[in-house]
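Trainee:
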Amino acid sequence: MLEELIHPALLALKDIVEDAKQPASARVAAARDILDRTGYKPVIQVQGMPSREQVAVWIEEAEAETG
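Okay, so the sequence shown: first residue is 3 according to the numbering used here, each after it adds one.
(1) Quick one: grab the DSSP three-state call for Pro10.
(2) Which of the three DSSP states, helix, strand or coil, is assigned to Ser27?
(3) Mapping the DSSP letters down to three states, classify Ala64 as helix, strand or coil.
(4) Sorted by chain position, which residues of the same chain lie with C-beta nearer than 8 Å to Arg39's C-beta, five sequence neighbours on each side aside?
(5) Using 10 angstroms around the beta-carbon of Ala14, count the other beta-carbons present and answer buried if the total reaches 16, otherwise exposed.
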């Protein structure tokens with residue numbers, strides 16, 4: 003049922019992008035949405051937990067600083 007709305011929704015976004023009368027912010031938001039949904043979303047880096055080795059290095063550095 004919702005799949006039927008995909009094509010009209012993308013066409014609506016396309017119309018916004020191509021309409022020079024639309025505010026720039028709306029055109030940029032529509033363009034971003036199109037890009038995000040077609041595989042051109044920016045890479046998001048997720049910072050995970052530090053490795054045990056990295057924690058050990060931090061401990062050694064802290065101990066060296068405090069004597």
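All residues carry an ideal CB built from backbone N, CA and C; glycine is no exception. Bear in mind the structure is a predicted one, so any value in this text is a computation, not a measurement.
Mentor: Put simply:
(1) Against the sequence shown, residue 10 aligns to sequence position 8. It is helical.
(2) Position 25 of the sequence shown, counted from the first residue, corresponds to residue 27. Reduced to three states, the DSSP call for Ser27 is helix.
(3) Within the sequence shown, the letter at position 62 stands for residue 64. Note: Ala64 maps to helix in three-state DSSP.
(4) If you number the sequence shown from 1, residue 39 lands on position 37. Same-chain partners within the cutoff: Leu12.
(5) Residue numbering aside, residue 14 sits at position 12 when the sequence shown is read from its first letter. Looking at its Cβ environment, which holds fewer than 16 other Cβ atoms inside 10 Å, Ala14 is exposed.
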